[in-house]
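As structure tokens, the structure follows; a few thoughts come after it.
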Amino acid sequence: RALAKNPKLLLCDEPTGALDYITGKSILKLLQDTCREKGVTVIVITHNSALAPMADKVIKVKNGRVDKLLLNEKPTPVEYIEW
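Using our numbering, read the sequence shown as starting at 1 and increasing by one per residue.
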């Protein structure tokens, strides 16, 4: 539903949290493809650090503060990420 109105920004809080592995992976692929193909900014909030390689930018938060900011020039396609 969030994609129906062609937003410029998607804020996804634990988008795979209550999903099985295969469905979670398909949701992440949809988000990654939407970002690449439609130029939508996608912000994913997750506790799953294994997803970090798929991102262009990773902001790690510790004790309520930005701990690290990592730029990834070659994000990994979701298909190659395992968790």
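Each residue gets a CB set at the ideal place from its N, CA and C atoms; glycine is no exception.
Point to revise | Residue from Lys38, Pro77, Leu70, Ile22 whose Cα sits closest to the Cα of Lys5 | key: Lys38
Practice item. Express the C-alpha separation of Tyr21 and Pro15 in angstroms, rounding to a whole number. Key: 12 Å
Review point. Leaving out five residues before and five after Thr76 in sequence, what residues of the same chain have Cβ atoms less than 7 Å from its Cβ?
Key: Once the five neighbours on either side are set aside, the close Cβ partners of Thr76 are Pro53, Met54.
Practice item. Please list, in chain order, all residues of the same chain as Gly24 whose beta carbon is under 6 Å from its beta carbon, the five residues on each side excluded. Key: Around Gly24, the same chain offers Thr16 as residues with beta carbons nearer than 6 Å, after the five sequence neighbours per side are excluded.
Check your understanding: Going by DSSP, which residues form a beta bridge with Ile45?
Key -> Asp13
Review point. In this structure, does DSSP put Val78 in helix, strand or coil?
Key: Note: Val78 maps to helix in three-state DSSP.
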